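Notes follow once the structure below has been shown.
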Amino acid sequence: MTRIKKIAMAALVAALMLVAAPAGAQAAGKPVYSCPSGFDGGPQTVEQILANPRSQAALAAGVVSEAGIRAGFASVDKNGTGRICAKVSYGLATSNKPNGQYLLNLVDDNSSVR
Ligand SMILES: [Ca+2]
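Just so you know, we're using the numbering used here here: the sequence shown kicks off at 60 and counts up by one.
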């Protein structure tokens, strides 16, 4: 693997680990196993994240490994439900950053399981 690819992979994994706290997600009375507004796909398993077209493109391009995606998923799944929320934000959809086309915005689902 070239040095540039190693740097790109590290950047991708770091980006995958960017976790935004779901605003008010843990408020009492909220439904369990749901995602913040805008994360319309609902809670997803690591297999679903791996099957995401952006993940598939990143794997095909060799910028991240399946293990890297699984590690990123595990770091986001703080509540251990095996599900997280993913979306492509406008910023990511229009990003000119290197590998921006592969990134997903990930947050943990707001299950009451903690
Ligand atoms: Ca979770």
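Ideal Cβ positions, reconstructed from N, Cα and C, are used throughout, including at glycine.
None of the values given here were measured: they were computed from a predicted structure.
For residue i, tell me which candidate among the options has the shortest Cα-Cα distance.
i      : options                       : result
Gly181 : Cys94, Pro102, Gly97          : Because the chain is modelled from 60 through 173, residue 181 falls outside the range shown and cannot be assessed.
Pro174 : Val105, Tyr149, Val122, Pro95 : Lying before the first or after the last residue shown, residue 174 is absent from the chain, which here runs from 60 to 173.
When you compare only the Cα positions, how much space is there between residue i and residue j?
i      : j      : result
Ala82  : Ala120 : With a pLDDT of 49 at Ala82, under the threshold of 50, the modelled position of this residue cannot be trusted, and the question is left open.
Ala135 : Leu151 : Residue identity differs from the one stated: residue 135 is Val in this sequence, not Ala. Looking at the two C-alpha atoms, the distance is approximately 18 Å.
Pro112 : Gly97  : 18 Å
Ser93  : Asp167 : 9 Å
Ile110 : Pro95  : Residue identity check: residue 110 is Ala in the sequence provided, not Ile. Their backbone Cα atoms lie some 21 Å apart in a straight line.
Asn155 : Glu125 : 24 Å
Thr153 : Val105 : 25 Å
Leu118 : Gly159 : 14 Å
Gly100 : Val147 : 11 Å
Tyr149 : Leu163 : 11 Å
Which residues mark the beginning and the end of the alpha helix (DSSP H) in which residue i is found?
i      : result
Leu163 : Where Leu163 is concerned, there is no enclosing alpha helix (DSSP H), given that its DSSP letter is neither H nor E.
Val135 : 125-135
Gly150 : 149-152
Using beta-carbon positions only, say whether residue i and residue j come within less than 9 Å of one another.
i      : j      : result
Leu165 : Ala145 : yes
Ala130 : Tyr161 : no
Ser170 : Asn138 : yes
Ile143 : Ile128 : no
At what residues does the beta strand (DSSP E) containing residue i begin and finish?
i      : result
Cys144 : 143-146
Can residue i be considered in contact with ligand 2, in the sense that its beta carbon sits closer than 8 Å to one or more heavy atoms?
i      : result
Gly100 : With respect to ligand 2, the structure shown offers nothing to examine, as its ligands consist of ligand 1.
Review point. Could you give the uninterrupted runs of the beta strand (DSSP E) lying entirely in the segment 95-121, keeping only those of 3 residues or more?
Key: none
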